[in-house]
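In our numbering, the protein residues as written are 60 to 329. Scroll down for the structure; my scribbles are underneath it.
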């Protein structure tokens with residue numbers, strides 16, 4: 060019996076060996092048209108979007124009967140491989156991982172029967188790669204399994220498309236001729252794949268001084284901007300902070316890098 064080896068590429072590859080299905084009449088006369096596949100995947104789609112809720116991957120399972128088939132069933136699994144990961148994990152949501160059957164229980168009992176079932180999964184996390192693993196099962200009389208097959212879809216690569224504002228640095232320098240003030244300079248960058256804006260930068264001095272804001276109309280993907288504020292001399296017991304997009308005007312990918320706290324120079328330093 061022939062075997063087909065199906066793999067997900069990369070380190071820690073997943074491999075499944077599947078017995079080739081015996082199709083009566085497949086080795087017909089020379090020149091005769093080949094019968095259609097008993098199990099196949101079609102209509103693969105990978106939908107990209109800024110909004111995670113609209114990111115999607117879908118595929119259609121197409122199933123035709125074997126001899127003596129009494130019942131069709133199919134199981135969809137979605138394998139997710141996070142960016143930088145060596146192996147994939149199967150997601151558990153909705154009916155993923157469950158056996159599904161046609162609404163018409165007799166479908167599959169006639170040689171010309173075809174069952175098409177589309178599966179779509181939304182709200183995909185990025186960056187990550189997704190691939191369907193679909194198991195087909197044919198059941199005969201008395202519920203006996205008479206055949207099975209596994210098919211893998213193409214890979215859907217989902218990139219994180221949202222902006223990612225980050226405060227890369229916040230430096231402190233003295234003001235010439237004014238020992239009671241310092242200048243605080245921040246480098247703000249957009250590490251995402253799309254532009255951001257408008258948004259406000261919030262500077263909170265230490266010592267209870269009044270906060271200040273600066274409006275930035277836009278910041279393109281991969282671009283940076285330097286901003287400066289003047290405030291009281293840096294106090295290590297209550298250092299100033301600076302936050303990009305403090306009002307959450309931007310659909311930022313991650314906010315863990317949106318703020319920075321000044322490191323005050325040592326007494327007597329520049």
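Even glycine gets a Cβ: it sits at the ideal position worked out from N, Cα and C.
### Contiguous beta strand (DSSP E) assignments of at least 3 residues, all confined to the segment 270 to 308
271 to 275, 283 to 291 and 300 to 303
### Task
With DSSP as the reference, label residue 200 as helix, strand or coil.
Start at 1 with the first residue of the chain shown, and residue 200 comes out as number 141. Helix, per DSSP.
### Message
For residue 286, which residues in the same chain have their Cβ closer than 7 Å to its Cβ, ignoring the five residues on either side in sequence?
### Response
Position 227 of the chain shown holds residue 286. So the list reads 245, 247, 260 and 273, once near-sequence residues are dropped.
### Message
Helix, strand or coil for residue 161? Go by DSSP, reduced to three states.
### Response
Within the chain shown, numbered from 1, the residue matching residue 161 stands at position 102. Residue 161: coil per DSSP, three-state reduction.
### Query
If you follow the beta strand (DSSP E) that residue 119 is part of, which residue opens it and which one closes it?
Mapped onto the chain shown, residue 119 falls at position 60. 115 to 122 is the extent of the beta strand (DSSP E) around residue 119.
### Query
CA-CA distance, residue 87 and residue 172?
One-based indexing of the chain shown puts residue 87 at position 28. One-based indexing of the chain shown puts residue 172 at position 113. Residue placement at residue 87 is poorly supported in this model, since its pLDDT is 47, which falls under 50; the coordinates still yield a value, given next. Straight-line Cα distance between these residues: approximately 21 Å.
### Task
In the DSSP assignment, find the unbroken beta strand (DSSP E) run with residue 333 in it and report its ends.
Residue 333 is absent from the structure shown; the chain starts at 60 and stops at 329.
### Query
Is residue 106 closer than 7 Å to residue 136 when the C-beta atoms are compared?
Here the question's residue 136 lines up with position 77 in the chain shown. Here the question's residue 106 lines up with position 47 in the chain shown. Not in contact: residue 136 and residue 106 (Cβ atoms no closer than 7 Å).
### Task
Tell me residue 194's beta-bridge partners as DSSP assigns them.
Locating residue 194 in the chain shown gives position 135, counting from the first residue. Paired residues: 134 and 209.
#### Entry: Residues sharing a beta bridge with residue 218, DSSP
For the purposes of this step, residue 218 is taken as residue 159 along the chain shown, with counting starting at 1. DSSP, once it has assigned bridges, lists no residue as partnering residue 218.
### Message
Measuring alpha carbon to alpha carbon, tell me which residue in 216, 295, 195 and 262 is nearest residue 130.
### Response
For the purposes of this step, residue 130 is taken as residue 71 along the chain shown, with counting starting at 1. Comparing Cα-Cα distances from residue 130 to each of 216, 295, 195 and 262, the minimum goes to 195.
#### Entry: Alpha carbon of residue 221 to alpha carbon of residue 115, nearest angstrom
Numbered from its first residue, the chain shown carries residue 221 at position 162. Numbered from its first residue, the chain shown carries residue 115 at position 56. About 16 Å.
### Task
Grab the span of the beta strand (DSSP E) containing residue 245 for me, first residue to last.
Taking the chain shown and counting its residues from 1, the one referred to as residue 245 is at position 186. Where residue 245 is concerned, the enclosing beta strand (DSSP E) stretches over 237 to 249.
### Task
Indicate the three-state DSSP secondary structure (helix, strand or coil) for residue 112 in the structure shown.
Along the chain shown, one-based indexing puts residue 112 at 53. Residue 112 falls in the helix class under three-state DSSP.
### Message
Does residue 92 pass the burial test, meaning 16 or more other C-beta atoms within 10 Å, or should it be called exposed?
### Response
By one-based count along the chain shown, residue 92 stands at place 33. Residue 92 is exposed by the Cβ-count criterion.
### Task
State buried or exposed for residue 163, treating a residue as buried only when at least 16 other CB atoms are found within 10 Å of its CB.
As a working note, residue 163 is residue 104 in the chain shown. Residue 163 comes out exposed.
### Query
Relative to the C-alpha of residue 268, which residue among 298, 145 and 307 is closest?
Reading the chain shown from its first residue, position 209 is the one you call residue 268. The shortest Cα separation from residue 268 among 298, 145 and 307 belongs to 298.
### Task
Could you spell out where the beta strand (DSSP E) holding residue 323 opens and where it closes?
One-based indexing of the chain shown puts residue 323 at position 264. Per DSSP, residue 323 belongs to no beta strand (DSSP E) and is neither H nor E.
### Query
Hey, how far is the Cα of residue 178 from the Cα of residue 102?
The residue labelled residue 178 in the question sits at position 119 within the chain shown. The residue labelled residue 102 in the question sits at position 43 within the chain shown. Those two C-alpha atoms are separated by around 10 Å.
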